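J.:
In this note's numbering, the protein residues as written are 4 to 162.
#1: Report the three-state DSSP secondary structure of residue 162 (helix, strand or coil).
#2: Would you kindly check if the distance between the Cβ of residue 94 and the Cβ of residue 58 is under 7 Å?
#3: Do residue 61 and residue 112 have their beta-carbon atoms positioned less than 7 Å apart in this structure?
#4: Would residue 137 and residue 30 be called neighbours here (beta carbons separated by less than 7 Å)?
#5: Can you check whether the CB of residue 98 is closer than 7 Å to the CB of residue 55?
#6: Whether or not the segment 137-156 and the segment 11-21 are in contact is what I'm after, with contact meaning three or more pairs of Cβ atoms, one per stretch, closer than 8 Å; do they touch?
#7: Just checking my contact of residue 51 with residue 104 at CB under 8 Å: how many whole Å lie between their CB atoms?
#8: Looking only at its chain, what residues have a beta carbon closer than 8 Å to the beta carbon of residue 101, apart from the 5 residues adjacent to it on each side?
#9: Go ahead and pull the three-state DSSP assignment for residue 4.
#10: Determine the burial state of residue 152: buried for a count of at least 16 other Cβ atoms within 10 Å of its Cβ, exposed for fewer.
#11: Determine the direct distance from the alpha carbon of residue 28 to that of residue 133, and round the result to whole angstroms.
#12: Just confirm the distance between the C-beta atoms of residue 47 and residue 108, as a whole number of angstroms; I'd bet it's less than 8 Å.
#13: Can you tell which of 156, 158, 116 and 145 has its C-alpha closest to the C-alpha of residue 36?
#14: Give the single residue among 91, 144 and 131 whose Cα lies nearest to the Cα of residue 24.
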């Protein structure tokens, strides 16, 4: 009878552990999805940074071109210089906008990373709490079984 009860108890605990394992697995999958989203956003930030750098190089080239034109053909190319300056100003404005966007995305990534870390910590704390309760419950059940065995031993001694 005791072995049958122990078998049922072990089976019940096994089912509970399966449920917990599935829950942890599901939460792990959700964290993977979040991690992939953060990774994609990080890649977008890298692309944006590369574009900002490229535009910065273009601005430098345009400024060098402007300087050369001023030295060689200041009078003849006066209008071209003005157009190049306007283009430089436009590019600088675009670079500033993209720099702001990169900064905003970087801040968002930092917030999301902190949220993910908090979620992971909460998940680990919850799992540790559940594991603690399970160990406590198993300890109580073992005490009951020990007392039952002790009682049966006493009865056998009496017999």
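For each residue, glycine too, the CB sits at the ideal point set by N, CA and C.
Keep in mind the model is a prediction, meaning the values are calculated, not measured.
T.: In terms of the structure at hand:
#1: In the structure shown, residue 162 adopts coil according to DSSP, grouped into three states.
#2: Here residue 58 is near residue 94, since their CB atoms are less than 7 Å apart.
#3: Between residue 112 and residue 61, the C-beta gap is not smaller than 7 Å, which leaves the two residues out of contact.
#4: Cβ atoms of residue 137 and residue 30: not closer than 7 Å.
#5: Yes, these two residues count as a Cβ contact at 7 Å.
#6: Output reads yes: the segment 137-156 touches the segment 11-21.
#7: Contact flag correct, Cβ pair sits at about 6 Å.
#8: Result list for residue 101: 51, 54, 55 and 58, in chain order.
#9: Note: residue 4 maps to coil in three-state DSSP.
#10: Counting Cβ neighbours within 10 Å, residue 152 comes out exposed, since fewer than 16 surround it.
#11: The straight-line gap separating the alpha-carbon atoms of residue 133 and residue 28 is approximately 15 Å.
#12: 7 Å between Cβ atoms; contact.
#13: It is 116.
#14: The residue with the shortest Cα to Cα distance from residue 24 is 131.
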